[in-house]
Each structure stands twice: as C-alpha cells, then as structure tokens.
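Trainee: Residue numbers (the working numbering), protein chains in the order written: chain A, 215 to 600; chain B, 215 to 600. For glycine and all other residues, C-beta sits at the position ideal for the given N, C-alpha and C. First, the structure itself, so that you have it in front of you.
Protein chains: 2
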Amino acid sequence: MSPGSIPIMQSPAGPHTVIDGRRYLYFVGTGYLGLQGHPELIRAACDAARQYGIGSANSRTAFGNLPPTLDVERQAAECFGFDEAFYFASGYVGNHILALHLEDRYDAVFVDEFSHYCVMEASRLTGRPVWKFRHADPEDLAAALRRHLKPGQRPWIASDGVFAARGDMAPLADYANVLADYSGAVMCIDDAHGLGVLGTGGRGTLEHTGLLADDGLVLANLEPDGADRPRRLFCGTLSKAFGGYGGIIPGTRGFIERLKSTSPYYRGASAPPAPAAAATARALQIVRTRPEMRARLWKNVGTVKAGLCRLGLETNDTPVPIVCLQIGDAENMQRIQRELMQQGIVIAYMAAYAGLGPEGALRIAVFATHTEEMIQQLLDTLQKLV
Amino acid sequence: MSPGSIPIMQSPAGPHTVIDGRRYLYFVGTGYLGLQGHPELIRAACDAARQYGIGSANSRTAFGNLPPTLDVERQAAECFGFDEAFYFASGYVGNHILALHLEDRYDAVFVDEFSHYCVMEASRLTGRPVWKFRHADPEDLAAALRRHLKPGQRPWIASDGVFAARGDMAPLADYANVLADYSGAVMCIDDAHGLGVLGTGGRGTLEHTGLLADDGLVLANLEPDGADRPRRLFCGTLSKAFGGYGGIIPGTRGFIERLKSTSPYYRGASAPPAPAAAATARALQIVRTRPEMRARLWKNVGTVKAGLCRLGLETNDTPVPIVCLQIGDAENMQRIQRELMQQGIVIAYMAAYAGLGPEGALRIAVFATHTEEMIQQLLDTLQKLV
Numbered sequence: 215m216s217p218g219s220i221p222i223m224q225s226p227a228g229p230h231t232v233i234d235g236r237r238y239l240y241f242v243g244t245g246y247l248g249l250q251g252h253p254e255l256i257r258a259a260c261d262a263a264r265q266y267g268i269g270s271a272n273s274r275t276a277f278g279n280l281p282p283t284l285d286v287e288r289q290a291a292e293c294f295g296f297d298e299a300f301y302f303a304s305g306y307v308g309n310h311i312l313a314l315h316l317e318d319r320y321d322a323v324f325v326d327e328f329s330h331y332c333v334m335e336a337s338r339l340t341g342r343p344v345w346k347f348r349h350a351d352p353e354d355l356a357a358a359l360r361r362h363l364k365p366g367q368r369p370w371i372a373s374d375g376v377f378a379a380r381g382d383m384a385p386l387a388d389y390a391n392v393l394a395d396y397s398g399a400v401m402c403i404d405d406a407h408g409l410g411v412l413g414t415g416g417r418g419t420l421e422h423t424g425l426l427a428d429d430g431l432v433l434a435n436l437e438p439d440g441a442d443r444p445r446r447l448f449c450g451t452l453s454k455a456f457g458g459y460g461g462i463i464p465g466t467r468g469f470i471e472r473l474k475s476t477s478p479y480y481r482g483a484s485a486p487p488a489p490a491a492a493a494t495a496r497a498l499q500i501v502r503t504r505p506e507m508r509a510r511l512w513k514n515v516g517t518v519k520a521g522l523c524r525l526g527l528e529t530n531d532t533p534v535p536i537v538c539l540q541i542g543d544a545e546n547m548q549r550i551q552r553e554l555m556q557q558g559i560v561i562a563y564m565a566a567y568a569g570l571g572p573e574g575a576l577r578i579a580v581f582a583t584h585t586e587e588m589i590q591q592l593l594d595t596l597q598k599l600v
Numbered sequence: 215m216s217p218g219s220i221p222i223m224q225s226p227a228g229p230h231t232v233i234d235g236r237r238y239l240y241f242v243g244t245g246y247l248g249l250q251g252h253p254e255l256i257r258a259a260c261d262a263a264r265q266y267g268i269g270s271a272n273s274r275t276a277f278g279n280l281p282p283t284l285d286v287e288r289q290a291a292e293c294f295g296f297d298e299a300f301y302f303a304s305g306y307v308g309n310h311i312l313a314l315h316l317e318d319r320y321d322a323v324f325v326d327e328f329s330h331y332c333v334m335e336a337s338r339l340t341g342r343p344v345w346k347f348r349h350a351d352p353e354d355l356a357a358a359l360r361r362h363l364k365p366g367q368r369p370w371i372a373s374d375g376v377f378a379a380r381g382d383m384a385p386l387a388d389y390a391n392v393l394a395d396y397s398g399a400v401m402c403i404d405d406a407h408g409l410g411v412l413g414t415g416g417r418g419t420l421e422h423t424g425l426l427a428d429d430g431l432v433l434a435n436l437e438p439d440g441a442d443r444p445r446r447l448f449c450g451t452l453s454k455a456f457g458g459y460g461g462i463i464p465g466t467r468g469f470i471e472r473l474k475s476t477s478p479y480y481r482g483a484s485a486p487p488a489p490a491a492a493a494t495a496r497a498l499q500i501v502r503t504r505p506e507m508r509a510r511l512w513k514n515v516g517t518v519k520a521g522l523c524r525l526g527l528e529t530n531d532t533p534v535p536i537v538c539l540q541i542g543d544a545e546n547m548q549r550i551q552r553e554l555m556q557q558g559i560v561i562a563y564m565a566a567y568a569g570l571g572p573e574g575a576l577r578i579a580v581f582a583t584h585t586e587e588m589i590q591q592l593l594d595t596l597q598k599l600v
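Structure (structure tokens):
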C-alpha cells in the first residue's frame with residue numbers, strides 16, 4: 215500500500231468515476247444519493263471559500279462561528295426533525311462525544327461485535343466494562359445484560375444502525391423490547407450509513423424501524439429531569455449520503471445546548487471547514503426537499519437486489535444500498551473484482567473490515583444516480599464472471 | 215449560549231475581521247500566519263471543489279484517494295522534513311491515532327496536568343494507568359516516573375508542545391533528559407500551536423528545542439527493529455498557522471506505512487474534504503517556501519510582548535504568538551475585553567480552558583499579518599483600560 219501503487223480518484227465520486235485516468239461505471243463507496251459532485255454543493259463551497267476563507271481558526275465558544283456552520287446545524291435539525299443539532303469535525307467521533315457527555319448515565323457498555331471501529335473505540339473510551347454481544351442478536355444482548363449487569367446498573371447499548379460492509383441493519387425494535395426491562399438504559403446508534411437513506415424523511419435506521427416517535431417521545435435525548443425509561447440517541451456523518459462532510463448529532467434544544475456547553479469538541483476542536491460546511495448545508499436542504507431522490511435510490515436498490523437474486527446470489531430485501539457478496543474464497547472474489555474492472559465496472563473487494571470474515575467480501579454500493587441501463591450492465595457482466 | 219446570542223464571524227479570520235456586521239482589528243484565534251483567507255488557498259479550494267467534488271465518499275484503502283489528500287501528505291512530509299505523512303479528519307484525534315497504533319509499546323501514561331482536552335482524552339483511551347504531572351515541571355515528571363513505574367515498565371509521556379490558552383511551551387529538552395534513564399520511553403507531543411510557527415523550518419516545538427535531529431536521529435518514529443532509546447513523536451493540525459484543515463502525523467516511510475495499514479482512521483474514516491485538502495496543500499507549500507512570513511510573525515510577537523512589558527504586564531520572551539494576561543478578576547477582564555471591543559479591537563476573554571484558573575484569562579493572538587500600526591493601536595488602547 216505504498217502511495218505509488220494506490221488507485222487515485224480523479225473526478226467526483228458518482229455513477230461514472232475516473233480512476234487512474236480511466237472512466238468507470240462505479241458502484242463503490244458511500245455516495246448513495248449521488249451528491250458529492252452536485253453543482254449546487256460545489257457552488258456553495260466556492261461561494262463560502264471566497265466569503266469566509268477556509269476555516270474560522272477559532273473555538274466556537276469565542277468568535278469561531280461562521281454562518282455555514284450554523285446553517286448546517288439549522289438544516290440538520292429541520293432535516294432530522296429536532297430542535298437543534300451539533301455539527302463537528304468528523305462522524306468518526308460522534309459516539310465519543312455522546313459517550314463522554316453522558317458518562318454519568320451508564321455503568322457498563324454492550325456493543326454489537328461487528329460494530330464499526332469508531333463505535334468500538336468510543337466504547338473503550340468510556341472506561342466502563344465493555345461486553346460484546348453477537349451480531350444483530352437481541353437474544354444474545356438480553357443474555358449479556360442478564361449475565362453482566364448488577365441490580366440497579368444502567369446499560370449503554372452501542373451499535374451501527376446499518377453495517378458498512380455487510381449492508382445489514384441492527385434489529386433496533388427488538389433491542390428496544392429487550393431494554394424495556396432496564397430502567398435508565400440508553401441505546402446509542404451510529405447511523406453513518408442510514409442517515410439520508412432510510413425512513414420516509416431520510417432520518418435513518420431509527421425512523422425506518424418506527425422508533426423515532428413512539429408514545430409521543432419525539433425522541434430520545436436524555437433530559438436532566440427526564441423519566442428513566444429507555445432512551446435512544448443517534449449520531450452520524452454528512453459525508454456519505456449527503457455528499458458533504460462532518461459529524462452530526464441532532465437533539466432537543468436542552469440536550470444540544472448542554473452538549474455544546476460541556477463538550478471539548480465544541481470548545482477545543484475546529485469546526486469543519488467553511489467550504490465543506492456550506493456544501494453540507496445545501497445538501498441537507500436538497501435531501502429534505504427532494505424525497506424523490508430517496509425513492510429513486512430505493513427503486514435502484516430493489517432492482518440490483520432482485521437481479522442478483524436471479525443470478526442465485528443471496529441478498530437481503532431491505533432498502534439499504536449496500537450489497538455484500540461472499541462468492542468463494544478471497545482469490546475468487548479478487549478475480550471477479552479485477553475482471554469487472556477490466557470491463558470498465560468497479561465494485562469493491564474488501565479484504566478486511568469490521569464484520570467481514572477472513573476471506574473478505576465483494577461490496578456493491580447502489581446510488582440514486584445509477585440508471586437502469588447501468589444496473590443492467592453490472593448484472594450482465596457479473597453473470598458472466600460468477 | 216443559544217445560537218441567537220453567539221457572535222458570528224462574517225469574513226475570513228485576519229487582522230481585520232467582520233463580526234456581527236462590524237469590522238474589528240482582530241487579535242483572536244489561531245490564524246498566526248494569516249493564511250485562512252489567503253487568495254491562493256481560496257483558489258485552490260474552489261478548483262478542487264470543481265474538479266473532485268466535496269469528498270471521495272470512500273475509504274482510503276479502496277478508491278478513496280483524491281489527489282489533494284495525497285498532495286497534503288507529500289507537502290507535509292517535505293515541510294516537516296520526513297519521508298511521509300498521514301493526513302486525517304481532525305487534529306483533535308492525532309494523539310488517539312498514535313496512542314492506539316503503538317499501544318503495545320507502553321505500560322503507563324504520564325500527562326501534563328494542563329494538556330489539551332484531546333491529549334487527556336487520548337490518555338484515557340489507552341486504558342493504561344494515567345498519571346498527571348505538574349504543568350511544565352520536569353522534576354515532577356521525574357518524581358512521578360519513579361513513583362509509579364515498576365521495573366521494566368515503559369512510560370508514554372503526553373503533552374502539548376505549546377499550550378493553547380496559556381501560550382507557554384513544554385520544556386521538552388528537560389523531559390528528554392529525564393527520559394534518558396527510561397528504556398523504551400516515548401514522548402508524544404501535540405503541537406497544534408507550534409507547527410508552522412516555531413523552529414527555523416516551522417517544524418514546531420521539537421525543532422525549536424533542538425530535539426528534531428540529535429545524534430543523527432532524523433527522528434523519532436518507532437521502528438519495529440529500533441533500539442529502545444527514548445523516542446519522540448508529534449502530531450498537529452493544519453487548521454491553525456497553516457490556514458487549512460485536518461490533522462497531520464509526519465514520519466519515516468516505514469512508520470507511516472504501518473500506521474496507515476493498521477489505523478482505523480485510515481481504513482474507516484473520511485479523509486478531509488477535497489476543497490480543504492487542496493487549500494491545505496497550497497498552504498504547506500507557501501509556509502515552506504516563504505520563511506519571511508514566520509520571521510515577520512516573530513518580529514510582531516516581540517513587539518507585542520515588549521509593549522505589554524512596558525505597560526507592566528507580565529509575558530514570556532518566547533516566539534509563541536499567544537499572550538495570556540491575567541489582570542484582576544473575571545469581571546475586570548471581561549470589562550477590558552468589552553471596552554476594547556467597543557473601540558473596535560477584539561481580543562478573547564476565555565472563561566474556562568485547559569490550564570486556566572477560575573477567573574479565566576485574556577488571550578491575545580499575534581498574526582504575521584498585523585502591521586506595526588495595528589499593534590500600536592492595541593497597546594495604546596489597552597494602556598487606557600488596564
């Protein structure tokens with residue numbers, strides 16, 4: 215993996231992407247809504263660079279609030295149906311921020327064994343006992359809670375909403391049922407791959423699962439005077455479906471104000487750069503007001519999964535735009551990836567990632583901007599190779 | 215701190231900065247070389263947005279390497295005098311990355327009590343015993359090592375190079391002397407406020423202290439077959455003096471290749487956005503090739519500190535462009551800040567920050583782009599208020 219030998223992307227990520235000088239039909243990465251190279255985002259980025267420069271060079275507690283940063287927070291609050299939001303440097307640290315802010319609210323951490331690296335890192339950061347439960351298995355979660363929690367102790371449950379490589383969803387409704395017996399339990403979901411993609415409003419895996427508003431709970435943020443029933447939190451990134459950059463935590467006004475007033479990520483870290491923030495604010499507005507993009511994505515996901523099924527390849531039937539294929543051993547999958555690429559189509563072979571076995575897997579990413587013809591071309595070419 | 219009441223910056227940070235509609239003479243933040251709004255950076259950001267979009271939407275282990283990301287790493291390696299560099303989402307997590315990558319190399323952590331939040335967080339993340347030593351006190355570090363390390367155990371020493379609010383430097387040469395007795399010791403410096411500013415080449419606090427190249431040690435990166443003498447590492451941000459965005463770790467080729475091949479921040483986090491990366495690459499080139507900017511900054515720092523000294527205000531005599539003033543109680547300092555602002559000059563009053571006492575402090579940031587007249591205006595106005 216010396217820098218000389220790695221592939222270099224020479225255009226925005228999109229249904230066609232230029233890599234090392236060649237234009238490929240592209241089914242890789244996380245640009246699910248096809249916004250990374252959207253002209254409105256690019257215009258917003260350039261306008262902001264000219265008006266505000268690259269960054270505020272200042273803490274947000276002093277004079278470091280540039281309008282694009284605040285725009286992202288306003289747009290994200292509206293997009294996700296909350297009062298406020300906290301926008302920060304990278305989605306990677308969303309779980310860190312939540313787990314540290316609420317550290318007096320839990321006694322032990324229970325984490326899906328296939329959770330993303332950042333979820334594992336945040337779990338470790340808590341300094342509490344960390345127990346892994348079997349992937350996407352509410353019964354094993356229940357067993358782990360019974361086994362490891364002492365009476366009166368409060369669990370923190372951590373998981374991805376959508377798993378980046380495997381493309382499956384955490385069974386959040388089942389987790390919620392399990393947690394109903396645990397006073398003060400908190401479920402914290404990293405929804406990096408669900409936000410913008412899942413749910414009628416694009417509010418992610420919790421919305422898709424019907425957990426965003428139950429019993430009048432608009433959500434899910436811990437209030438100091440709150441009841442002790444189970445609560446749900448989520449964080450995510452705006453660099454994937456939204457085509458922008460940076461991490462986001464939406465919440466009620468009180469929760470976000472307390473979070474900002476105490477988090478070192480507000481007081482002591484740079485906000486995302488102005489050009490990226492401006493593009494991200496525009497992206498949030500586009501995603502919120504153009505639900506037809508998500509409908510188109512879901513349709514494409516259905517077409518890809520049905521087509522793979524006809525080829526005898528096993529997939530799930532969710533609207534998640536990630537298809538994980540395990541076809542023979544690593545060598546066979548590398549061959550398929552390589553031969554597809556020779557024919558001008560790129561999918562990813564992932565040798566190692568959270569949740570993958572020793573042989574790795576092929577990963578197909580579906581975009582809203584793929585046409586039916588593009589998808590048919592992928593399916594036809596795959597058919598000859600598998 | 216509701217979003218309605220916070221000040222909003224409406225221009226690039228610079229010697230003159232527009233806040234809430236008024237143009238101020240500005241001595242706040244971290245834009246020490248005045249690059250945040252530099253036309254060459256803005257042009258680079260816009261060109262990159264148009265050519266590559268906002269971000270690669272992909273892991274760097276797959277197809278997610280955009281040319282601006284690799285440019286930053288090449289330019290940073292050259293700027294800091296190393297073979298290679300790793301460029302990542304935020305300087306806040308540089309210590310996290312290093313401490314996790316090298317976690318089998320130390321048994322206990324010793325950290326300056328006034329270190330930045332991110333250094334404290336990374337220390338906690340290690341899961342090792344964490345011992346604080348008195349701020350900038352090599353004797354207390356030595357005592358802590360004697361008290362807490364068992365025979366054969368290896369210490370990890372963590373500190374800021376320059377302290378963000380206090381503006382003082384860690385006595386790194388003294389720490390190096392203390393560590394000479396400890397086989398396998400590692401000193402890991404967060405040089406967020408030193409990079410670009412200190413040292414003949416702008417390589418930071420280690421260069422300023424003469425520790426970047428002693429005994430032919432070009433540096434400072436742990437090699438698997440390396441001797442067990444004390445080692446030094448540093449990380450930092452490119453969002454302050456450099457006017458760009460993102461975290462940086464320079465190192466030898468072998469070290470950086472191993473770091474990238476194992477770090478979840480390479481495999482599982484978005485690289486900084488393309489517009490910011492392109493601006494940052496340009497900034498690194500500017501800083502490397504125009505040492506006169508740094509000379510000008512040092513001259514301005516000398517002028518400010520000498521002037522404050524004539525007003526009877528205590529400062530240090532280092533080239534660090536941060537002046538921390540404690541003048542009476544919080545109320546008095548807030549008054550000075552407010553009255554200066556009424557007269558069109560902004561400095562910061564920091565109520566709370568790592569290293570500050572309960573009354574907080576005034577903080578003056580000096581830029582290379584301040585003119586002698588601007589500095590004189592600050593000193594004259596301050597004289598009337600203190």
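Any idea if L525/A is buried or exposed, counting beta-carbon neighbours within 10 angstroms, 16 or more meaning buried?
Mentor: To locate residue 525/A, count along the first sequence from 1; it is residue 311. Exposed, by the Cβ-count rule.
Trainee: Starting from the Cα of D388/B, find the closest Cα among G398/B, E353/B, M223/B and give me that residue.
Mentor: Here residue 388/B corresponds to residue number 174 of the second sequence, with the count starting at 1. That would be E353/B, whose Cα lies nearest to the Cα of D388/B.
Trainee: Which parts of the stretch 542-592 of chain A are runs of the alpha helix (DSSP H), unbroken and 4 residues or longer, counting only runs that do not cross its ends?
Mentor: Counting only runs of 4 or more, we get 544-556.
Trainee: So with Cβ pairs under 8 Å, would you call R348/A a contact of chain B?
Mentor: On the first sequence, residue 348/A is found 134 positions in, with the first residue counted as 1. It does not; no Cβ of chain B falls within 8 Å.
Trainee: Can a CB atom of chain A be found closer than 8 Å to the CB of T451/B?
Mentor: Your numbering for residue 451/B matches position 237 in the second sequence. It does; some Cβ of chain A falls within 8 Å.
Trainee: So is N279/A buried or exposed if we call it buried at 16+ other beta carbons inside 10 Å?
Mentor: Position 65 of the first sequence holds residue 279/A. Buried, because 16 or more other Cβ atoms sit within 10 Å of the Cβ of N279/A.
Trainee: Does the Cβ of N391/A have 16 or more other Cβ atoms within 10 Å, making it buried, or fewer, making it exposed?
Mentor: For the purposes of this step, residue 391/A is identified with residue 177 of the first sequence, where counting begins at 1. By the 10 Å Cβ count, N391/A comes out exposed.
Trainee: Taking the alpha-carbon positions, what's the D351/B to P385/B distance?
Mentor: Counting from one through the second sequence, the residue named residue 351/B turns up at place 137. Counting from one through the second sequence, the residue named residue 385/B turns up at place 171. About 8 Å.
Trainee: At the level of alpha carbons, what is the spacing between P369/B and F324/B?
Mentor: Stepping through the second sequence from its first residue, residue 369/B is reached at position 155. Stepping through the second sequence from its first residue, residue 324/B is reached at position 110. For P369/B and F324/B, the distance between alpha carbons rounds to 7 Å.
Trainee: Going by DSSP, what residue range makes up the beta strand (DSSP E) through M401/B?
Mentor: One-based indexing of the second sequence puts residue 401/B at position 187. Here the beta strand (DSSP E) through M401/B covers 400-404.
Trainee: Nearest to G416/A by CA position, among V534/A, T529/A, A568/A, is which residue?
Mentor: For the purposes of this step, residue 416/A is taken as residue 202 along the first sequence, with counting starting at 1. Cα-wise, what sits closest to G416/A is V534/A.
Trainee: Hey, how far is the Cα of H584/B from the Cα of Q250/B?
Mentor: Reading the second sequence from its first residue, position 370 is the one you call residue 584/B. Reading the second sequence from its first residue, position 36 is the one you call residue 250/B. Spanning the two alpha carbons is a distance of roughly 14 Å.
Trainee: What residues of chain B sit near A303/A, judged by a beta carbon separation below 7 Å?
Mentor: The residue you call residue 303/A lines up with position 89 of the first sequence. Under the 7 Å cutoff, chain B gives A303, S304, Y306.
Trainee: Are the C-beta of M641/A and some C-beta of chain B separated by less than 8 Å?
Mentor: With chain A covering only 215 through 600, there is no way to say anything about residue 641/A.
Trainee: Among all the DSSP beta bridges, which residues are the ones paired with D374/A?
Mentor: The residue labelled residue 374/A in the question sits at position 160 within the first sequence. DSSP output for D374/A lists D404/A as bridge partner(s).
Trainee: Would you verify that the beta carbon of I233/B is, or is not, closer than 8 Å to some beta carbon of chain A?
Mentor: Translated into positions along the second sequence, residue 233/B becomes position 19. Yes, contact with chain A.
Trainee: So, with DSSP's three-state summary, where would you put T451/A?
Mentor: Within the first sequence, numbered from 1, the residue matching residue 451/A stands at position 237. Strand, per DSSP.
Trainee: Check distances from the C-beta atoms of the stretch 325-336 of chain B to those of chain A and list, in chain order, the residues that come in under 9 Å.
Mentor: Those residues of the stretch 325-336 of chain B that come within reach of chain A (Cβ to Cβ, closer than 9 Å) are H330, Y331, C332, M334, E335.
Trainee: So which residues on chain A does V560/B lean against when the C-beta distance must stay under 8 Å?
Mentor: Indexing the second sequence from 1 puts residue 560/B at position 346. Those are F277, listed as they occur along chain A.
Trainee: Within 10 Å of its beta-carbon, does D442/A have 16 or more other beta-carbons around it, so buried, or fewer, so exposed?
Mentor: Counted from its first residue, the first sequence places residue 442/A at position 228. Confidence at D442/A is low in this model, with a pLDDT of 47, below 50, so its placement is unreliable and the value that follows should be read with caution. That one is exposed.
Trainee: Using 8 Å as the Cβ pair cut-off and three pairs as the minimum, do the stretch 569-579 of chain B and the stretch 498-516 of chain B touch?
Mentor: The stretch 569-579 of chain B vs the stretch 498-516 of chain B: no contact.
Trainee: In terms of alpha-carbon separation, which member of G235/B, G516/B, G542/B lies closest to Q590/B?
Mentor: Residue numbering aside, residue 590/B sits at position 376 when the second sequence is read from its first letter. Out of G235/B, G516/B, G542/B, G516/B has the C-alpha closest to the C-alpha of Q590/B.
Trainee: In chain B, what lies closer than 8 Å to Q250/A by C-beta?
Mentor: Against the first sequence, residue 250/A aligns to sequence position 36. The contacting residues are G267, I268, G269, S270, A271.
Trainee: 8 Å is my cut-off, CB to CB: does N435/B come that close to chain A?
Mentor: As a position in the second sequence, residue 435/B is number 221, starting the count at 1. Caution is warranted here: a pLDDT of 48 is assigned to N435/B, below 50, making its placement in the model unreliable, and the coordinate value is therefore given only provisionally. False, the Cβ-Cβ gap to chain A never drops below 8 Å.
Trainee: K598/A to T231/A, Cα distance in whole Å?
Mentor: Residue numbering aside, residue 598/A sits at position 384 when the first sequence is read from its first letter. Residue numbering aside, residue 231/A sits at position 17 when the first sequence is read from its first letter. Taking the straight line from one Cα to the other gives about 23 Å.
Trainee: Any idea which residues DSSP pairs I233/A with across the strands?
Mentor: Position 19 of the first sequence, counted from the first residue, corresponds to residue 233/A. The partner list for I233/A (beta bridge, DSSP) reads M223/A, R236/A.
Trainee: Whole-angstrom Cβ separation of I462/B and A290/B, contact assumed at under 8 Å?
Mentor: Taking the second sequence and counting its residues from 1, one reaches residue 462/B at position 248. Taking the second sequence and counting its residues from 1, one reaches residue 290/B at position 76. Between A290/B and I462/B the Cβ distance is about 5 Å, and since that is below 8 Å, they are a contact.
Trainee: Please name the residue, chosen from S477/A, R508/A, A491/A, L447/A, that lies closest to G460/A on a Cα-to-Cα basis.
Mentor: On the first sequence, position 246 is the one that residue 460/A refers to. It is A491/A whose Cα lies nearest to the Cα of G460/A.
Trainee: Flag T244/B as yes if its beta-carbon sits less than 8 Å from any beta-carbon of chain A, otherwise no.
Mentor: Residue mapping note: residue 244/B aligns to position 30 of the second sequence, counting from 1. T244/B counts as touching chain A.
Trainee: Helix, strand or coil: how does DSSP classify L539/A here?
Mentor: As a working mapping, residue 539/A is identified with position 325 in the first sequence. Reduced to three states, the DSSP call for L539/A is strand.
Trainee: So, with DSSP's three-state summary, where would you put A299/A?
Mentor: Mapped onto the first sequence, residue 299/A falls at position 85. Residue state, collapsed to three classes: strand.
Trainee: Against chain A, does L363/B count as a neighbour if the rule is that its beta carbon must be under 8 Å from one of theirs?
Mentor: Translated into positions along the second sequence, residue 363/B becomes position 149. So no, L363/B is outside the interface.
Trainee: Which whole-angstrom value describes the C-beta separation of L473/B and H315/B, a residue pair presumed to lie in contact below a C-beta threshold of 8 Å?
Mentor: Residue 473/B sits at position 259 when you count from the first residue of the second sequence. Residue 315/B sits at position 101 when you count from the first residue of the second sequence. Contact holds; Cβ gap of about 5 Å.
Trainee: Thinking just about the alpha-carbon of each residue, which of T476/B, F294/B, P486/B is nearest to the one in H422/B?
Mentor: Counting from one through the second sequence, the residue named residue 422/B turns up at place 208. Minimum Cα distance to H422/B is reached at F294/B.
Trainee: With 16 other CB atoms within 10 Å as the buried threshold, where does C523/A fall?
Mentor: Here residue 523/A refers to the residue found at position 309 of the first sequence. Label assigned to C523/A: exposed.
Trainee: Helix, strand or coil, according to DSSP, for K519/A in the structure here?
Mentor: As a first step, residue 519/A must be located in the first sequence, where it is residue number 305. Helix.
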